[in-house]
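So in our numbering, spot 104 of the sequence shown is number 104, and the numbers just go up one at a time.
Each residue gets a CB set at the ideal place from its N, CA and C atoms; glycine is no exception.
A short write-up of the structure that comes next.
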Amino acid sequence: MTKQKNRKTYIYIYCTSDNIEQIYTQKCFHSISFKESKADDLINQPSPEHLDLIKLTKQHMVRVYPGTKRQDSSNIDPVDYWTYGVQMVALNYQANDKAMCIQRAFFSDNGGCGYLLKPSFLLSDNQLFDPKDNNHKKGKHIQIHIISGQHLPKEKNHIEHTDIVDPYVTVITYGIKSDCTEHNTPSVRNNGLNPIWDYKINLDIFCPELCLILFQVRDKDRYGPSTFLGQACVPFTALQLGYRHIKLKAKDGDYIQGTIFVHIKIEDF
1 MTKQKNRKTY IYIYCTSDNI EQIYTQKCFH SISFKESKAD DLINQPSPEH
51 LDLIKLTKQH MVRVYPGTKR QDSSNIDPVD YWTYGVQMVA LNYQANDKAM
101 CIQRAFFSDN GGCGYLLKPS FLLSDNQLFD PKDNNHKKGK HIQIHIISGQ
151 HLPKEKNHIE HTDIVDPYVT VITYGIKSDC TEHNTPSVRN NGLNPIWDYK
201 INLDIFCPEL CLILFQVRDK DRYGPSTFLG QACVPFTALQ LGYRHIKLKA
251 KDGDYIQGTI FVHIKIEDF
């Protein structure tokens with residue numbers, strides 16, 4: 001067991017599991033686990049009842065885990081639950097999907113120690129944060145200039161190894177609902193060595209503390225689905241301004257050779 005897992009174990013063994021009917025009358029060390037369907041029911045309640053989950057996480061440790069219907073070991077979207085203050089979102093680590101990429105990026109902050117302090121608005125009893133409301137605080141305007149790529153690899157199981165990739169970049173933002181967007185650059189034909197996109201994306205992010213940005217490079221196929229080439233996910237709060245090379249990773253989280261060259265500009269709004 002790693003040191004990180006040991007530290008989490010030391011905390012969780014002092015918690016007592018309880019059911020939702022009793023949790024409101026129990027002490028702070030009582031915890032509760034929800035399967036995803038139950039957690040979704042709480043989140044999808046009409047306003048203001050949907051905020052009950054946030055109130056619960058201010059007093060108790062809450063865990064959400066995938067439902068039993070996920071026989072294929074697919075994953076839930078952890079960001080939905082993080083925005084409601086859920087401390088632990090259980091994932092199927094063997095999946096190596098977008099959820100795992102987001103999880104690795106989210107906890108890469110704070111030195112990668114495995115712990116993050118919640119934003120103050122998810123902790124304070126004097127402030128009730130609503131993930132469905134855009135007007136809770138000042139947001140950020142970000143311009144992402146996708147300039148070029150370098151040494152983009154072919155997919156390992158590419159059928160035609162003689163083919164040259166036609167790469168494009170997908171930029172996906174995760175966070176509260178109003179911050180979730182997806183944008184694609186045009187593809188560049190037959191150039192995996194040094195493709196130039198010169199494509200600008202302008203976004204308004206209302207809750208930067210809970211936002212993550214996923215950069216995914218794919219090979220466009222005119223006759224079928226696109227092929228994954230590499231990806232990188234970065235918490236909004238960890239973005240560095242100016243010109244940057246973003247190192248790409250494989251689905252398993254290991255770094256690969258390719259990078260994308262970008263320019264980042266962030267302003268208040």
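Cβ distance (whole Å) where residue i is taken to contact residue j below 8 Å
{"i": "residue 205", "j": "residue 140", "result": "5 Å"}
{"i": "residue 223", "j": "residue 79", "result": "That pair is no contact at about 33 Å."}
{"i": "residue 268", "j": "residue 177", "result": "With 8 Å as the limit, residue 268 and residue 177 do not qualify as a contact, their Cβ atoms being about 21 Å apart."}
{"i": "residue 116", "j": "residue 125", "result": "About 20 Å; that fails the 8 Å criterion."}
{"i": "residue 335", "j": "residue 150", "result": "One cannot answer for residue 335 here, as it falls past the ends of the chain, which runs 1 to 269."}
{"i": "residue 316", "j": "residue 252", "result": "No answer is possible for residue 316: the residues shown for the chain start at 1 and end at 269."}
{"i": "residue 181", "j": "residue 203", "result": "6 Å"}
{"i": "residue 106", "j": "residue 212", "result": "6 Å"}
{"i": "residue 201", "j": "residue 266", "result": "With 8 Å as the limit, residue 201 and residue 266 do not qualify as a contact, their Cβ atoms being about 13 Å apart."}
Simplified DSSP state of residue i, which is helix, strand or coil
{"i": "residue 203", "result": "strand"}
{"i": "residue 152", "result": "coil"}
{"i": "residue 87", "result": "coil"}
{"i": "residue 232", "result": "strand"}
{"i": "residue 50", "result": "helix"}
{"i": "residue 57", "result": "helix"}
{"i": "residue 262", "result": "strand"}
{"i": "residue 248", "result": "strand"}
{"i": "residue 125", "result": "coil"}
{"i": "residue 219", "result": "strand"}
{"i": "residue 104", "result": "helix"}
{"i": "residue 5", "result": "Annotation note: pLDDT 48 at residue 5 (below 50); position unreliable, coordinate value reported separately. Residue 5 falls in the helix class under three-state DSSP."}
{"i": "residue 35", "result": "strand"}
{"i": "residue 112", "result": "helix"}
{"i": "residue 254", "result": "coil"}
Buried or exposed (CB count within 10 angstroms, at least 16 for buried), residue i
{"i": "residue 218", "result": "buried"}
{"i": "residue 84", "result": "buried"}
{"i": "residue 142", "result": "buried"}
{"i": "residue 36", "result": "buried"}
{"i": "residue 74", "result": "exposed"}
{"i": "residue 29", "result": "exposed"}
{"i": "residue 91", "result": "buried"}
{"i": "residue 254", "result": "exposed"}
{"i": "residue 122", "result": "buried"}
{"i": "residue 113", "result": "exposed"}
{"i": "residue 196", "result": "exposed"}
{"i": "residue 221", "result": "exposed"}
Sequence-distant residues of its chain with Cβ nearer than 6 Å to residue i (five each side left out)
{"i": "residue 270", "result": "This structure does not reach residue 270, given that the chain is present from 1 up to 269, and the question cannot be answered."}
{"i": "residue 312", "result": "Because the chain in this structure spans residues 1 to 269, residue 312 falls outside the shown range and cannot be described."}
{"i": "residue 216", "result": "170, 231"}
{"i": "residue 261", "result": "147, 148, 245"}
{"i": "residue 89", "result": "64, 78, 81"}
{"i": "residue 250", "result": "256"}
{"i": "residue 199", "result": "146, 185"}
Sequence-distant residues of the same chain with beta carbon closer than 7 Å to residue i, five excluded per side
{"i": "residue 120", "result": "none"}
{"i": "residue 59", "result": "28"}
{"i": "residue 209", "result": "119, 237"}
{"i": "residue 179", "result": "173, 205, 206, 207, 211"}
{"i": "residue 155", "result": "219, 227, 228, 229"}
Neighbourhood of residue i by C-beta distance below 8 Å, restricted to the same chain and skipping five residues each side
{"i": "residue 53", "result": "39, 42, 43, 62, 84, 85, 86"}
{"i": "residue 66", "result": "35, 36, 74, 75, 76, 90, 91, 92"}
{"i": "residue 104", "result": "233, 253"}
{"i": "residue 57", "result": "84, 85, 86, 87, 122"}
8 Å Cβ cutoff, residue i in contact with chain B
{"i": "residue 27", "result": "The structure shown contains no chain B; it is built from a single protein chain."}
Evaluate contact between the region 46-57 and the region 98-105, counting only Cβ atoms and requiring at least three cross-stretch pairs below 8 Å. No: the two stretches stay apart, fewer than three of their Cβ pairs being nearer than 8 Å.
Quick one: any contact between the region 128-139 and the region 232-250, if contact means 3 or more CB pairs under 8 Å? Too few Cβ pairs lie closer than 8 Å, so no.
Answer yes if the region 224-231 comes into contact with the region 61-80, meaning at least three C-beta pairs across the two stretches below 8 Å, and no otherwise. Touching, no.
For the structure I just gave you, are there three or more beta carbon pairs, one from the region 182-191 and one from the region 165-172, closer than 8 Å? Short answer: they touch.
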